[in-house]
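K.L.:
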Amino acid sequence: MATVEIPLRPLTHASFAEFGDVIEADPRSLRFINNGNTQRFHDLARIDVSAENGHPLLNIFRARPLPQPLKIRMLERHPLGSQAFIPLNQQPFMIVVASAGDTITPDRIRAFLAHSGQGINYHRNTWHHPVIALDTETDFIVIDRGGAGKNCEEFTFSASINICINPTATTGGSTH
467 MATVEIPLRP
477 LTHASFAEFG
487 DVIEADPRSL
497 RFINNGNTQR
507 FHDLARIDVS
517 AENGHPLLNI
527 FRARPLPQPL
537 KIRMLERHPL
547 GSQAFIPLNQ
557 QPFMIVVASA
567 GDTITPDRIR
577 AFLAHSGQGI
587 NYHRNTWHHP
597 VIALDTETDF
607 IVIDRGGAGK
617 NCEEFTFSAS
627 INICINPTAT
637 TGGSTH
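To convert a position in the sequence shown, counted from 1, into the working numbering, add 466.
Here it is, written out as structure tokens:
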């Protein structure tokens, strides 16, 4: 069985742009409201759920940590809407994605580490692994699409490929 190791990269706006939005208190989006008493970090993600008369859903997902190093057997995508994950308990989490397309090869897979102040919003059709908590059970606010239509497709990798994400094998650099 062949093994492909995917390095874990810091989550930045630039590195993640192909796959979606990074949600964080970014000073570039700061506005003061309520007579200057409240800081608003404005328009942090493009929520896209209107295809086929869809509507936004606000959910809480509770994710348990998965064994590490993580072995990837499948990815999923949502052709009718975006999907946002914002951790409620300020825990770092792992993100595994591949760009939109009908097939996925291991060389197209990227893995990112979100620090405790970050969330993400996957663009429509971005392949991704289900939410990955790292050290502790983590609750996430999830904003995604409700409504008619098939909005979840899965891609299962061949049993002959063992894709491992190793959180100790990072590419370095800042997480901001």
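Yeah, the Cβ is synthetic: ideal placement off N, Cα and C, and Gly gets one too.
From a predicted model like this one, the values you see are computed outputs, not experimental measurements.
Quick one: using the 10 Å Cβ neighbour count with 16 as the cut-off for buried, is L554 buried or exposed?
P.N.:
L554 should be labelled exposed.
K.L.:
With a cut-off of 8 angstroms on the beta carbons, I'd call V562 and I575 a contact; round off their distance for me.
P.N.:
Correct: roughly 7 angstroms between the Cβ atoms.
K.L.:
Threshold first: 3 residues or longer. Then list the beta strand (DSSP E) segments lying entirely within the segment 518-548, N to C.
P.N.:
DSSP runs (the beta strand (DSSP E)) wholly in the segment 518-548: 521-529, 536-538, 540-543.
K.L.:
Which residue from Q584, R543, N500, G502 puts its Cα closest to that of D492?
P.N.:
Nearest of Q584, R543, N500, G502 to D492, Cα basis: Q584.
K.L.:
I believe Y588 touches H594 by the beta-carbon criterion, under 8 angstroms. Please report the beta-carbon distance rounded to the nearest angstrom.
P.N.:
Going by Cβ atoms, the distance from Y588 to H594 rounds to 5 angstroms, so yes, they are a contact pair.
K.L.:
Indicate whether I598 and I538 have their beta-carbon atoms separated by less than 7 angstroms.
P.N.:
Cβ atoms of I598 and I538: not closer than 7 angstroms.
K.L.:
Report buried or exposed for A483, applying the criterion of at least 16 other Cβ atoms within 10 angstroms of its Cβ.
P.N.:
The residue in question, A483, is exposed, as its Cβ has fewer than 16 Cβ neighbours within 10 Å.
K.L.:
Does the beta-carbon of N617 have 16 or more other beta-carbons within 10 angstroms, so that it is buried, or is it exposed?
P.N.:
Buried.
K.L.:
Grouping DSSP H, G and I as helix and E and B as strand, with all else coil, what is D487?
P.N.:
It is a strand residue.
K.L.:
Mind checking whether F559 and L600 have CB atoms under 7 angstroms apart?
P.N.:
Cβ distance < 7 angstroms, so F559 and L600 count as in contact.
K.L.:
Count the other CB atoms, across all protein chains shown, that sit within 10 Å of the CB of F606; report buried if there are 16 or more and exposed otherwise.
P.N.:
Answer is buried; the Cβ neighbour count reaches 16.
K.L.:
Between which two residues does the alpha helix (DSSP H) carrying A480 extend?
P.N.:
Looking at the DSSP string, the run of the alpha helix (DSSP H) that includes A480 is 479-482.
K.L.:
How is D509 classed by DSSP in three states: helix, strand or coil?
P.N.:
In this structure, D509 counts as coil in the three-state DSSP scheme.
K.L.:
Please classify E620 as buried or exposed, where buried requires at least 16 neighbouring CB atoms within 10 angstroms.
P.N.:
Counting Cβ neighbours within 10 Å, E620 comes out exposed, since fewer than 16 surround it.
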